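Contents: one structure, followed by commentary.
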Amino acid sequence: MASRPLVRRKPRDSLPADDPQLCRLNTMTSSRSKLLPDIGFMTVVESTEHGFFGGYLVLNHTGRPLEFHCTAPVRPNRAQEILYGPTLKPYLIGEQIGQTLWSQTKNPPSVICTDMPEILHVRQFSKCPIALLKTNSTAAAAEPPSSVSSSSRLDPPHPDTNAPMGISLCTFHTGDYTLSVAESYREDEAVVQEQYRLLGDGFDLFEPFDRIHHAIQEAQQQ
Amino acid sequence: MRNLTVDLELRASLVATGWQTALFRKPSISLSSPAVQISIPDVVSIPFGSHSIPVRSFDFGDEGDVSSTAPRTGKRKLSGLATKTPLPPQARGNSTRLQAPHDVIKLKDRLFYALQPPLETIFSSKSLEFPFPPFPYQMEGVAFLFTRQAAMLADEMGLGKTMQAITSIRLMAYSGDLKNVLLICPKPLVTNWQREFQLWAPELPVTIIEGNGRKREWLWSMPEQPIKIANYELVVRDAPFLKENDLEFDLVVLDEAQRIKNRSSATNRAVRSIQRKRSWSLTGTPIENSADDLFNIFEFLRPGVLRGELTPRRLRLATQDYLLRRTKDQVLDELPPKLFRDAQLSLSSAQHQSYTLAEKEGVVRLAGLGGEVTVQHVFELVLRLKQICNFDPATEESPKLDRLQADLEEVAASGAKAIVFSQWVRTLRRLKKRLHAYHPLEYHGKIPHRDRDKVLTAFRDNSEHQVLLMTYGAGSVGLNLQFANYVFLFDRWWNPAVEDQAINRAHRIGVAGPVTVTRFITLGTIEERIDEILQQKRELFETVLADRESPPSLGLSQDEIFGLFSLPNPISGQHAA
Numbered sequence: 000m001a002s003r004p005l006v007r008r009k010p011r012d013s014l015p016a017d018d019p020q021l022c023r024l025n026t027m028t029s030s031r032s033k034l035l036p037d038i039g040f041m042t043v044v045e046s047t048e049h050g051f052f053g054g055y056l057v058l059n060h061t062g063r064p065l066e067f068h069c070t071a072p073v074r075p076n077r078a079q080e081i082l083y084g085p086t087l088k089p090y091l092i093g094e095q096i097g098q099t100l101w102s103q104t105k106n107p108p109s110v111i112c113t114d115m116p117e118i119l120h121v122r123q124f125s126k127c128p129i130a131l132l133k134t135n136s137t138a139a140a141a142e143p144p145s146s147v148s149s150s151s152r153l154d155p156p157h158p159d160t161n162a163p164m165g166i167s168l169c170t171f172h173t174g175d176y177t178l179s180v181a182e183s184y185r186e187d188e189a190v191v192q193e194q195y196r197l198l199g200d201g202f203d204l205f206e207p208f209d210r211i212h213h214a215i216q217e218a219q220q221q
Numbered sequence: 000m001r002n003l004t005v006d007l008e009l010r011a012s013l014v015a016t017g018w019q020t021a022l023f024r025k026p027s028i029s030l031s032s033p034a035v036q037i038s039i040p041d042v043v044s045i046p047f048g049s050h051s052i053p054v055r056s057f058d059f060g061d062e063g064d065v066s067s068t069a070p071r072t073g074k075r076k077l078s079g080l081a082t083k084t085p086l087p088p089q090a091r092g093n094s095t096r097l098q099a100p101h102d103v104i105k106l107k108d109r110l111f112y113a114l115q116p117p118l119e120t121i122f123s124s125k126s127l128e129f130p131f132p133p134f135p136y137q138m139e140g141v142a143f144l145f146t147r148q149a150a151m152l153a154d155e156m157g158l159g160k161t162m163q164a165i166t167s168i169r170l171m172a173y174s175g176d177l178k179n180v181l182l183i184c185p186k187p188l189v190t191n192w193q194r195e196f197q198l199w200a201p202e203l204p205v206t207i208i209e210g211n212g213r214k215r216e217w218l219w220s221m222p223e224q225p226i227k228i229a230n231y232e233l234v235v236r237d238a239p240f241l242k243e244n245d246l247e248f249d250l251v252v253l254d255e256a257q258r259i260k261n262r263s264s265a266t267n268r269a270v271r272s273i274q275r276k277r278s279w280s281l282t283g284t285p286i287e288n289s290a291d292d293l294f295n296i297f298e299f300l301r302p303g304v305l306r307g308e309l310t311p312r313r314l315r316l317a318t319q320d321y322l323l324r325r326t327k328d329q330v331l332d333e334l335p336p337k338l339f340r341d342a343q344l345s346l347s348s349a350q351h352q353s354y355t356l357a358e359k360e361g362v363v364r365l366a367g368l369g370g371e372v373t374v375q376h377v378f379e380l381v382l383r384l385k386q387i388c389n390f391d392p393a394t395e396e397s398p399k400l401d402r403l404q405a406d407l408e409e410v411a412a413s414g415a416k417a418i419v420f421s422q423w424v425r426t427l428r429r430l431k432k433r434l435h436a437y438h439p440l441e442y443h444g445k446i447p448h449r450d451r452d453k454v455l456t457a458f459r460d461n462s463e464h465q466v467l468l469m470t471y472g473a474g475s476v477g478l479n480l481q482f483a484n485y486v487f488l489f490d491r492w493w494n495p496a497v498e499d500q501a502i503n504r505a506h507r508i509g510v511a512g513p514v515t516v517t518r519f520i521t522l523g524t525i526e527e528r529i530d531e532i533l534q535q536k537r538e539l540f541e542t543v544l545a546d547r548e549s550p551p552s553l554g555l556s557q558d559e560i561f562g563l564f565s566l567p568n569p570i571s572g573q574h575a576a
């Protein structure tokens, strides 16, 4: 299980200095902040036949792929489904698949985008900000006007929800996108905003997930 | 009531049982230990802890960067791109993805394509601009060519094969995949390609292979010129030089690839002898006569792909990953319609007499040849009769011309332009005299190549020139004449595919309104008989190519040619036209 829940906040200065995954976060506010960022995209594809496939793609600022990792399918057994209950997906996706994918990183990106709330759990294992991408249609109604951040708590009303268990979210808008970071890493918002600004408005944050889906499909066929 | 009396006095006596001693015996006590142990229950442990999940990792590093920001061929830098049309990011809704061809086996190579951004994003990120926004199907064509070592783009005429090829070359030049490209096309189209490169890839230096032998050798050997354009005739002539000097190209593109449909021709041999890494062919008519046409083009593209008996199904399966064909009906909802009308005319009386006499004499002569008769003899008669259908040889009467003049009056009055096709230069010259009011221009084999571009420019830009007179041979391929809304087929070609090519010079992307095609047919003549056969073949062609099924013979077979005069064919089953 998670070594540290996301609702608790770990001071960033406690990160091990020799952590091989140390990403550019520490240098973002320094002279390297002007460098064009690489962006990671992490998602999980659920197949009724095979289980969960994890995919993680790192792109440079022009959208060129730098590295790609995908997991073999992971399928929980019936006992796990019963015993984990609503915590199964956050555990499986966030802690098992997400953490495994992150551990393979060779080019640590500036920010990781995800379209799955469960992936936010990976933040507790990584040094890299993770932003949950929402479609405007799902976020607009309840959200405050743009450029104003808000906090909300996602407590799933029943086990079927996709919301991560017990993660408070800090939601904000940048460009055409509505993004959320874990409330316990609220300072990630500024990093995400800055990196998106460096990328420019033309960078499509949704599109790379299509690539991951295609790539997983391709890998699955071999 | 009745009284009942019972005697209650009972007698008792002692009886010895012998049990007394037993009462004084000590009891014997024994211990028994029944098992009270409860077995330890089995425990099923369900592993919840971390277990390693197999991961496949692919590091792309700097390889195959299709997103670099400058062309890696040539020395010239990006310039002159500022006024064109940039593709919006993702073209907002259009997303054309690269897909690995089937012959790419390694997973990493396949993923390389799957993980690239959509083409729209790549072009946008490079700030590559276009004179006109490409259609989505054109982007698909670019994606198709870009990923293939061997490819045939067989779109119907007018869909922009030239643009798709140039854009693919441009993209590959930027990605560093191409440094040395040879484009081979028919001679009249060399300047057309040069113009199109200037339009669609102005930053790519283009060299035309021309001049005398020494100059050509010098041009062939210029490594810093990434795009070379040569006509088929020169390639045939210079093939030995290319071989001797071991010149290799990253890509060889054949335009109007049906030029190599005959395997035994010098053109086919010369083209196949060129050393190359990639081979593309462009043609609107991959099958002009028979499946052999396609087979021979594939011997250039990917020798050995087509082997054995070419059943329709095998042919389709074997070529499907290499061949992309779209028709206007499939991809262009907004292209104005092409309207056909047959002008069925009667011969003048003088013409009729001439025609009847010529036909009788001709048939008698053919019959007299008996077994010696050849398809060439029949051709000669057909041509003679067709010429009479155009003009009476004695009086020069021509109901076709009368009708053409009447139609052109209307065309001219509307300010539109027309193209008139004929098989013969002589016919066109006669027309020119009679149509002088419309300041007609000529474009055919007798016009020097150096003057042909000027003819087209004058026809396009000068409103005074309302008619362009073209032969099928010179005007059937590669020209963009979409500013003409009327096409007249003064006489008919043998092959509907060639007629279609001619018509599609005008009916192509950019045409402002419907294109009206008028086909002149004289009733009761050889033209009517040929038209009936061509009509049947056209229907078959459309059916077959729509389904990518069996490629039929589109030209007239020898049987059909002999059949025009009800003659038996001494040698059956051969294609002649």
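Here the protein sequences line up with chains A and B, keeping their order. Note that numbering that gives the first Met the number 0 has the first sequence beginning at 0, numbered continuously upward. Note that numbering that gives the first Met the number 0 has the second sequence beginning at 0, numbered continuously upward. Even glycine gets a Cβ: it sits at the ideal position worked out from N, Cα and C. Computed from a prediction, not measured in an experiment: that's the story for all the values here.
Residue i versus residue j - alpha carbon distance
i                            : j                         : result
glutamate 94 of chain A      : glutamate 117 of chain A  : 9 Å
glycine 414 of chain B       : leucine 407 of chain B    : 10 Å
leucine 323 of chain B       : leucine 152 of chain B    : 5 Å
proline 130 of chain B       : tryptophan 199 of chain B : 7 Å
phenylalanine 420 of chain B : glutamate 243 of chain B  : 43 Å
histidine 49 of chain A      : aspartate 320 of chain B  : 29 Å
glycine 212 of chain B       : leucine 300 of chain B    : 28 Å
glutamine 219 of chain A     : proline 108 of chain A    : 26 Å
glutamine 534 of chain B     : arginine 275 of chain B   : 41 Å
valine 304 of chain B        : glycine 157 of chain B    : 29 Å
arginine 364 of chain B      : glutamate 379 of chain B  : 12 Å
serine 56 of chain B         : tyrosine 55 of chain A    : 9 Å
leucine 153 of chain A       : cysteine 127 of chain A   : Because leucine 153 of chain A carries a pLDDT of 47, less than 50, the predicted location of this residue cannot be relied on, and the following value inherits that uncertainty. Each residue's Cα considered, the two are about 22 Å apart.
glycine 159 of chain B       : lysine 105 of chain A     : 43 Å
isoleucine 39 of chain B     : isoleucine 166 of chain A : 42 Å
alanine 99 of chain B        : glutamine 123 of chain A  : 37 Å
proline 285 of chain B       : glutamate 223 of chain B  : 33 Å
Residue range of the unbroken beta strand (DSSP E) whose run includes residue i
i                           : result
valine 205 of chain B       : 205–207
alanine 342 of chain B      : 337–344
aspartate 254 of chain B    : 247–254
methionine 41 of chain A    : 38–46
cysteine 69 of chain A      : 64–70
tryptophan 199 of chain B   : That residue, tryptophan 199 of chain B, is in no beta strand (DSSP E); its alpha helix (DSSP H) goes 189–199.
histidine 172 of chain A    : 166–173
phenylalanine 51 of chain A : 50–58
Presumed contact (8 Å Cβ cut-off) between residue i and residue j, rounded CB distance
i                       : j                        : result
proline 207 of chain A  : valine 110 of chain A    : About 12 Å; that fails the 8 Å criterion.
threonine 95 of chain B : proline 135 of chain B   : 7 Å
lysine 385 of chain B   : aspartate 490 of chain B : 6 Å
Reference residue i; option with closest CA among the options
i                        : options                                : result
serine 263 of chain B    : B:Ser280, B:Ile296, B:Trp279           : B:Ile296
valine 486 of chain B    : B:Met469, B:Trp493, B:Asn494           : B:Met469
valine 424 of chain B    : B:Glu498, B:Lys445, B:Arg55            : B:Lys445
glutamate 119 of chain B : B:Asp328, B:Leu127, B:Ala113           : B:Leu127
glutamine 221 of chain A : A:Val43, A:Pro64, A:Gly39, A:Cys69     : A:Cys69
threonine 61 of chain A  : A:Val190, A:Ser46, A:Gly199            : A:Gly199
valine 497 of chain B    : B:Gly509, B:Gly472, B:Asn484, B:Ala511 : B:Gly472
glutamine 465 of chain B : B:Gln422, B:Arg429, B:Gln404           : B:Gln404
lysine 88 of chain A     : A:Ile211, A:Asn59, A:Val44, A:Val191   : A:Val44
valine 454 of chain B    : B:Pro187, B:Phe59, B:Gln193            : B:Pro187
Extent of the continuous alpha helix (DSSP H) run through residue i
i                        : result
aspartate 209 of chain A : 206–220
threonine 166 of chain B : 160–174
Any C-beta of chain C under 7 Å from that of residue i
i                           : result
phenylalanine 67 of chain A : You won't find chain C in this structure, because its protein chains are A and B.
Hey, is the region 168–184 of chain B in contact with the region 242–256 of chain B, meaning 3+ C-beta pairs nearer than 8 Å? yes
Does the contact criterion of 3 or more C-beta pairs under 8 Å hold for the region 499–514 of chain B versus the region 525–533 of chain B? Taking 8 Å as the limit for Cβ pairs, the verdict is that the region 525–533 of chain B does not touch the region 499–514 of chain B.
Would you say the region 73–80 of chain A touches the region 24–31 of chain B, given that touching needs at least three Cβ pairs under 8 Å? no
At least three beta-carbon pairs within less than 8 Å, the region 392–399 of chain B to the region 344–354 of chain B: yes
Contact between the region 514–522 of chain B and the region 450–458 of chain B (3+ Cβ pairs under 8 Å): no
So does the region 352–363 of chain B actually touch the region 162–172 of chain B, counting three or more Cβ pairs closer than 8 Å? no
Does the pairing of the region 509–518 of chain B with the region 338–345 of chain B give three or more beta-carbon distances under 8 Å? yes
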